[in-house]
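What follows is a single structure, written as structure tokens, with notes after it.
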Amino acid sequence: MARMKIAAGNWKMNTNFEEGLQLARDLSNANRPDDVLTLLAVPCTHLKSIIDQTLHVPNLEIAAQNFHHEKNGAYTGETSIGMLSSISAQYALIGHSERREYQRESNELLAQKVKLALEEGITPIFCCGEKLDIRKQGYHLGYVKYQLNEGLFHLSPEEFSKVIIAYEPVWAIGTGETASPQQAQEMHAEMRKSIARQYDQGLADDVSILYGGSVKPKNAKELFSQADVDGGLVGGASLKADSFLEIIHSF
Ligand code: PGA
């Protein structure tokens, strides 16, 4: 997959059904640049309706926020990857830090999910990022490379070429504190280097790496202007069409 500019909104557990449909409608109808892919990671209850509603909208795709690591079975309350593909979902977040933290999702389990998604033809948006104590100790670069190694590097080059990555330092998520453009660039460049070492320079150059963690209209432009930052995974600021549109226009 060629490298893309991507503005991804992660709605998390926000919006009721009507609000979600309206937000997707507002974004669909708005003027958005041709060369930026808008991605919306919406709640499970909204997925099918928003996928259907946006089917013919250019440059706008819908993502699931999660799915189970087993194909099917006795897992009450869970959603399988096959269920997602049966409603034509094309993308899915994997390993968001909130799931790593609250649902104790391990690297091993996430590696399984990445494989499952690719088998179903769903593009994984693989999230990684360090907590504050790890950054303070100076281990952040190695830590994130370890997450890539455990979560993605079991893939063949062909499989890896279909993945999108989001670097989201945990200390910047929902805190109003953003990584500086230099901090984001340093990490993204390191990630690309380690991908080049594992696979080759071509794959490293082609993979889209998004930054996430308090991306706002006021800081998006500077973050997105960094050489290795291909866009953002945006939580809070993606919940209002106006602020998300400003971010979409920040490339
Ligand atoms: P935030 O969330 O923009 O609200 O910090 C980002 C994310 O968790 O993806």
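Its first residue numbered 3, the sequence shown is counted upward by one per residue in the numbering used here. Every residue, glycine too, gets a C-beta built ideally from N, C-alpha and C. No experiment lies behind these values; they were computed from the predicted model shown.
Checklist line | Residues bridged to residue 7 (per DSSP) | finding: 38
Check: Tell me, which residues are paired with residue 63 by DSSP?
Finding: 41
Check: Quick one: does the C-beta of residue 12 sit closer than 7 Å to a heavy atom of ligand 1?
Finding: The answer is yes for residue 12.
Margin query: Rounded to the nearest angstrom, what separates residue 105 and residue 112 at their Cα positions?
Written below: 12 Å
Notebook entry, point to check: For residue 91, is the classification buried or exposed, using 16 other Cβ atoms within 10 angstroms of its Cβ as the cut-off for buried?
Noted result: buried
Margin query: According to DSSP, simplified to helix, strand and coil, what is residue 237?
Written below: Reduced to three states, the DSSP call for residue 237 is coil.
Check: Do you know how far the Cα of residue 75 is from the Cα of residue 236?
Finding: 33 Å
Notebook entry, point to check: By Cβ distance below 6 Å, which residues in the same chain neighbour residue 43 in space, the five residues on each side in sequence not counted?
Noted result: 12, 65, 67 and 95
Notebook entry, point to check: The beta strand (DSSP E) spanning residue 222 covers which residue range?
Noted result: That residue, residue 222, is in no beta strand (DSSP E); its alpha helix (DSSP H) goes 219-226.
Next item on the list: Give a single yes or no on whether residue 190 has its beta carbon closer than 7 Å to a heavy atom of ligand 1.
Entry: no
Margin query: By alpha-carbon positions, which one of 33, 27 and 115 ends up nearest to residue 165?
Written below: Put simply, of 33, 27 and 115 the residue whose alpha carbon is nearest the alpha carbon of residue 165 is 115.
Notebook entry, point to check: From what residue to what residue does the beta strand (DSSP E) around residue 250 run?
Noted result: Not the beta strand (DSSP E): residue 250 falls in the alpha helix (DSSP H), residues 243-250.
Margin query: Threshold first: 3 residues or longer. Then list the beta strand (DSSP E) segments lying entirely within the stretch 107-151, N to C.
Written below: As far as the stretch 107-151 is concerned, its whole beta strand (DSSP E) runs of at least 3 residues are 125-130.
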